[in-house]
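Participant: The opening position of the sequence shown corresponds to residue 0 in numbering that gives the first Met the number 0, with each subsequent residue numbered one higher. Where a beta carbon is used, it is the ideal one built from N, C-alpha and C, also for glycine. Here it is, the structure in full.
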Amino acid sequence: MKEQGKRGIAPAMVILFGIKHSGKSSIGRMLSKELDWPFSDLDDCIEMKTQEAAGVSIRDFFRIEEQCRFFRLEHECLDLFLKNRPAPWILATGGGIIENESAMGIFSAQTVKIFLHNDPEILFERIIRKGIPPFMSPDDPYGSFIAIYESRAARYRAIADIIVDRTNQSREESTETLITLLKEYIDARK
């Protein structure tokens with residue numbers, strides 16, 4: 000039996016998934032603080048690599064390069080992370096990783112996959128604050144976002160071990176909900 004950590008939760012490799020701006024990074028940091036587990040954001044590694052490769056941000060790299068090149072960087076970062084980090088650890092992924100079949104194939108049965116769900120209206124408003132991202136149609140940003148949202152949310156639900164509905168929940172409430180569900184999930188797997 001694994002040793003119980005802070006808040007009575009056995010060590011695990013926790014992967015946070017969700018649509019862009021669903022709270023993966025902020026919830027990941029709060030969860031890290033509450034459980035005293037290390038946290039990483041996959042986007043930090045990808046941002047470093049896009050700067051090295053082209054001297055641009057992730058958003059600009061995605062816009063000017065082919066999606067397959069971005070997916071290769073994402074896969075490379077995820078592979079490096081999973082090979083070099085022992086459990087317990089918390090990792091926030093990018094919002095579109097579900098579409099990267101190569102990267103999704105890396106996750107093992109030992110990872111706890113958590114889908115952070117949020118209302119599409121809230122997410123759309125958060126996303127467009129910095130302008131229309133390259134994955135949305137400039138002619139119909141909302142319509143293209145909803146199509147992406149529905150597709151990705153369905154796929155995240157299908158692979159998730161735990162789903163946290165963040166709709167009408169603060170980050171603190173979502174983190175407490177996640178801690179409760181994570182403990183129940185890990186205890187049930189013992």
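1) Quick test of the definition: if touching needs 3 or more C-beta pairs under 8 angstroms, does the stretch 151-162 touch the stretch 108-115?
2) Which of the three DSSP states is assigned to residue 192 in this structure?
3) What do you reckon, are the CB atoms on residue 25 and residue 40 nearer than 8 angstroms?
4) Just confirm the distance between the C-beta atoms of residue 93 and residue 45, as a whole number of angstroms; I'd bet it's less than 8 angstroms.
5) Taking the Cβ atom as the reference point for each residue, do residue 22 and residue 173 lie within a distance shorter than 8 angstroms?
6) Residue 144 and residue 158 - do their beta-carbons sit closer together than 8 angstroms?
7) Please report the straight-line C-alpha distance between residue 43 and residue 89, rounded to a whole angstrom.
8) Kindly indicate which residue of 188, 166, 17 has the alpha-carbon position closest to the one of residue 156.
9) I need the DSSP call for residue 176, collapsed to helix, strand or coil.
10) Taking only the alpha-carbon atoms, compute the straight-line gap between residue 207 and residue 133 and give it to the nearest angstrom.
11) Based on the DSSP secondary-structure assignment, which residues constitute the bridge partners of residue 228?
12) So the alpha helix (DSSP H) residue 106 belongs to, where does it begin and stop?
13) Our contact map puts residue 86 next to residue 10 with C-beta atoms below 8 angstroms; I'd like the distance itself, whole angstroms only.
14) CB-CB under 6 angstroms to residue 72, same chain, minus the five flanking residues each way: which ones, in chain order?
15) From what residue to what residue does the alpha helix (DSSP H) around residue 69 run?
16) Could you please give me the residues that DSSP links to residue 91 through a beta bridge?
Facilitator: For this structure:
1) yes
2) This structure gives no information on residue 192, because the portion of the chain shown stretches from 0 to 189.
3) Start at 1 with the first residue of the sequence shown, and residue 25 comes out as number 26. Start at 1 with the first residue of the sequence shown, and residue 40 comes out as number 41. No. Outside cutoff.
4) Counting from 1 along the sequence shown, the entry for residue 93 is found at position 94. Counting from 1 along the sequence shown, the entry for residue 45 is found at position 46. Residue 93 to residue 45, Cβ: 7 angstroms. Contact.
5) As a first step, residue 22 must be located in the sequence shown, where it is residue number 23. As a first step, residue 173 must be located in the sequence shown, where it is residue number 174. Yes. Within cutoff.
6) Against the sequence shown, residue 158 aligns to sequence position 159. Against the sequence shown, residue 144 aligns to sequence position 145. No Cβ-Cβ contact shorter than 8 angstroms links residue 158 with residue 144.
7) Looking up residue 43 in the sequence shown gives position 44. Looking up residue 89 in the sequence shown gives position 90. Residue 43 and residue 89: Cα-Cα distance of roughly 14 angstroms.
8) As a working mapping, residue 156 is identified with position 157 in the sequence shown. Relative to residue 156, the option among 188, 166, 17 whose CA is nearest is 17.
9) Within the sequence shown, numbered from 1, the residue matching residue 176 stands at position 177. Looking at residue 176 - three-state DSSP - the assignment turns out to be helix.
10) Nothing about residue 207 can be reported from this structure: the residues present for the chain run from 0 to 189 only.
11) Nothing can be reported for residue 228: it is not among the residues displayed for the chain, which extend from 0 to 189.
12) Position 107 of the sequence shown, counting from 1, holds the residue named residue 106. No alpha helix (DSSP H) contains residue 106, which DSSP labels as neither H nor E.
13) Along the sequence shown, read from residue 1 onward, the residue named residue 86 stands at position 87. Along the sequence shown, read from residue 1 onward, the residue named residue 10 stands at position 11. So it is a contact: roughly 5 angstroms between Cβ atoms.
14) As a working note, residue 72 is residue 73 in the sequence shown. Only 45, 48 meet the Cβ criterion.
15) Your numbering for residue 69 matches position 70 in the sequence shown. Where residue 69 is concerned, the enclosing alpha helix (DSSP H) stretches over 66-83.
16) Here residue 91 refers to the residue found at position 92 of the sequence shown. DSSP lists 15, 40 as partners of residue 91.
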